[in-house]
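*Asks:* Before we start, here is the structure in question, set down as structure tokens.
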Amino acid sequence: KRFAFERIYPTTGDFALMVANMDGSGDEKLASHKADLWFAGSPAWSPDGKVIAAFLGSWEGGFHYDVETVQVDSREEKIVTRQRWNGIGGIQWLYDGSGLILTATEKGSNVAQIWQVSLPSGNIRRITNDLNNYSNLNLTGDSRTLSVVQSDVSSNIWIVPGGEVNRARKITSGKDEGQTGICWTPEGKMIYTSTASGNLDL
642 KRFAFERIYP
652 TTGDFALMVA
662 NMDGSGDEKL
672 ASHKADLWFA
682 GSPAWSPDGK
692 VIAAFLGSWE
702 GGFHYDVETV
712 QVDSREEKIV
722 TRQRWNGIGG
732 IQWLYDGSGL
742 ILTATEKGSN
752 VAQIWQVSLP
762 SGNIRRITND
772 LNNYSNLNLT
782 GDSRTLSVVQ
792 SDVSSNIWIV
802 PGGEVNRARK
812 ITSGKDEGQT
822 GICWTPEGKM
832 IYTSTASGNL
842 DL
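Here is the structure:
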């Protein structure tokens, strides 16, 4: 039995997808890229042990992640979908090798959802569609049941006059208000970010 992992070579700037025996011996490089492309997350073996699926980060056309498969014997790499996710989580194979289940964040959002990628077509189906965040994805052996950690994080903007905590007052009432930036205008109004609509807006 072998396991797959990523390795960084600081002297050359290479990001490599590796396999090794369970005791750490016999490490072998399957694929590698320079700093403009990098493997990320935890790679996943196909049920037949012939293919490894992994997230591949890239700066081409703007920062994003793709899903790539690597044939273990031939080392052939293939981008299976051009969804271009903004953030990544876990990735798992369906029991029959017909696709992948993964958690990832799409462009314009800051919460990871659960997705299915069909192979070899690369067609994408969104399984969840809410404002929760999903992580630590696992599938049962028959792929009929998945377990996942669901996080529900709320944030709002508060004003504290004169730094007096006992006078603090909440001025927003949405779910995800002011997550990544707040500033005052010269007129005393406030500009802030919110994902309450499902997208990152001002």
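With the working numbering as the guide, the letters of the sequence shown map in order to residues 642 to 843. Quick reminder that beta carbons are idealized off the backbone N, C-alpha and C, glycines included.
Skipping 5 residues on each side, what residues in its chain have a beta carbon closer than 6 Å to that of Lys-811?
*Replies:* On the sequence shown, residue 811 is found 170 positions in, with the first residue counted as 1. Excluding residues within five positions, the ones whose Cβ falls inside 6 Å are Asn-797, Trp-799.
*Asks:* Who does Gln-724 pair with in a DSSP beta bridge?
*Replies:* The sequence position of residue 724 within the sequence shown is 83, counting from 1. Gln-724 pairs with nothing; no bridge assigned.
*Asks:* What residues match up with Asp-668 in a beta bridge as DSSP calls it?
*Replies:* As a first step, residue 668 is located in the sequence shown; it is residue number 27 there, counting from the start. Note: Asp-668 sits in no beta bridge, so no partner.
*Asks:* Quick check: the Cα distance between Gly-749 and Ile-765, rounded to an integer number of angstroms?
*Replies:* The residue you call residue 749 lines up with position 108 of the sequence shown. The residue you call residue 765 lines up with position 124 of the sequence shown. One C-alpha to the other measures close to 17 Å.
*Asks:* Which residue's Cα is closest to the Cα of Ser-739: Trp-756, Ser-762, Arg-725?
*Replies:* Within the sequence shown, residue 739 is the residue found at index 98, counting from 1. The residue with the shortest Cα to Cα distance from Ser-739 is Ser-762.
*Asks:* By DSSP, does Arg-643 sit in helix, in strand, or in coil?
*Replies:* The residue you call residue 643 lines up with position 2 of the sequence shown. Strand, per DSSP.
*Asks:* What is the DSSP secondary structure of Val-711, reduced to helix, strand or coil?
*Replies:* For the purposes of this step, residue 711 is identified with residue 70 of the sequence shown, where counting begins at 1. Three-state DSSP puts Val-711 in a strand.
*Asks:* In terms of residue numbering, what span does the beta strand (DSSP E) encompassing Gly-698 cover?
*Replies:* Locating residue 698 in the sequence shown gives position 57, where the first residue counts as 1. From DSSP, the beta strand (DSSP E) with Gly-698 extends over 692-699.
*Asks:* Label Asp-707 either buried or exposed according to how many other C-beta atoms from any shown protein chain fall within 10 Å of its C-beta, with 16 as the threshold for buried.
*Replies:* For the purposes of this step, residue 707 is taken as residue 66 along the sequence shown, with counting starting at 1. With 16 or more Cβ atoms within 10 Å of its Cβ, Asp-707 is classed as buried.
*Asks:* DSSP beta-bridge partners for Glu-718?
*Replies:* Here residue 718 corresponds to residue number 77 of the sequence shown, with the count starting at 1. Answer by DSSP bridge pairing, in chain order: Val-711.
*Asks:* Going along the chain, which residues of its own chain have a beta-carbon closer than 7 Å to the beta-carbon of Gln-791, five neighbours each way excluded?
*Replies:* In the sequence shown, counting from the first residue as 1, residue 791 sits at position 150. The answer, listed in chain order, is Asn-773, Tyr-775.
*Asks:* Excluding sequence positions up to five away, which residues of its chain have a Cβ less than 6 Å from the Cβ of Ala-657?
*Replies:* The residue given as residue 657 occupies position 16 in the sequence shown. Excluding sequence positions up to five before and after Ala-657, its CB lies within less than 6 Å of the CB of Arg-648, Lys-670, Ser-673, all in the same chain and listed in chain order.
*Asks:* I'd like to confirm the pairing. Which residues does DSSP put opposite Asp-655 in its beta bridges?
*Replies:* Numbered from 1 along the sequence shown, position 14 holds the residue referred to as residue 655. Tyr-650.
*Asks:* Report yes if the CB atom of Gly-654 is closer than 7 Å to the CB atom of Ala-676, and no otherwise.
*Replies:* Here residue 654 corresponds to residue number 13 of the sequence shown, with the count starting at 1. Here residue 676 corresponds to residue number 35 of the sequence shown, with the count starting at 1. Taking 7 Å as the Cβ cut-off, Gly-654 and Ala-676 qualify as a contacting pair.
*Asks:* What span of residues does the beta strand (DSSP E) with Asn-797 cover, start to end?
*Replies:* By one-based count along the sequence shown, residue 797 stands at place 156. No beta strand (DSSP E) holds Asn-797; DSSP gives it neither H nor E.
*Asks:* Please name the residue in Ile-720, Glu-717, Leu-780 whose C-alpha comes closest to that of Gln-733.
*Replies:* In the sequence shown, the residue the question calls residue 733 occupies position 92. Comparing alpha carbon positions, the residue from Ile-720, Glu-717, Leu-780 closest to Gln-733 is Leu-780.
*Asks:* Ignore the nearest five residues each way along the sequence and tell me which others in Lys-719's own chain have a CB closer than 6 Å to its CB.
*Replies:* Locating residue 719 in the sequence shown gives position 78, where the first residue counts as 1. The residues are Thr-710.
*Asks:* For Met-663, which residues in the same chain have their Cβ closer than 8 Å to its Cβ, ignoring the five residues on either side in sequence?
*Replies:* Along the sequence shown, read from residue 1 onward, the residue named residue 663 stands at position 22. Contacts found: Lys-642, Arg-643, Phe-644.
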